[in-house]
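Structure first, then comments.
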Amino acid sequence: MNDGEPESGAWSCGMVAGLINDIPTCKELIDQIMSESEKSLTIDLVDF
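In this text, residue positions in the sequence shown follow the numbering used here: the first is 1, and each later residue adds one.
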């Protein structure tokens, strides 16, 4: 893929590719990260 043509290049991926269950949009990904962070902080602050 030296010439910038991904269609003609070889792509490699390992077994981890089988662990991908979804491909969220950027907004969905950020919303999920924010939600998980808020939950984590809430739980951690309760023990503080």
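For every residue, glycine included, the Cβ atom is placed at its ideal position computed from N, Cα and C. Just so you know, these numbers come straight off a predicted model, no measurement behind them.
What did DSSP end up calling residue i once you bin it into helix, strand or coil?
{"i": "serine 12", "result": "coil"}
{"i": "glutamate 5", "result": "coil"}
Figure out for me which residue from the options has the closest Cα to the Cα of residue i.
{"i": "proline 24", "options": "Gly18, Ala17, Gln32", "result": "Gln32"}
Determine the extent of the alpha helix (DSSP H) in which residue i is found, giving its start and end residues.
{"i": "leucine 41", "result": "26-46"}
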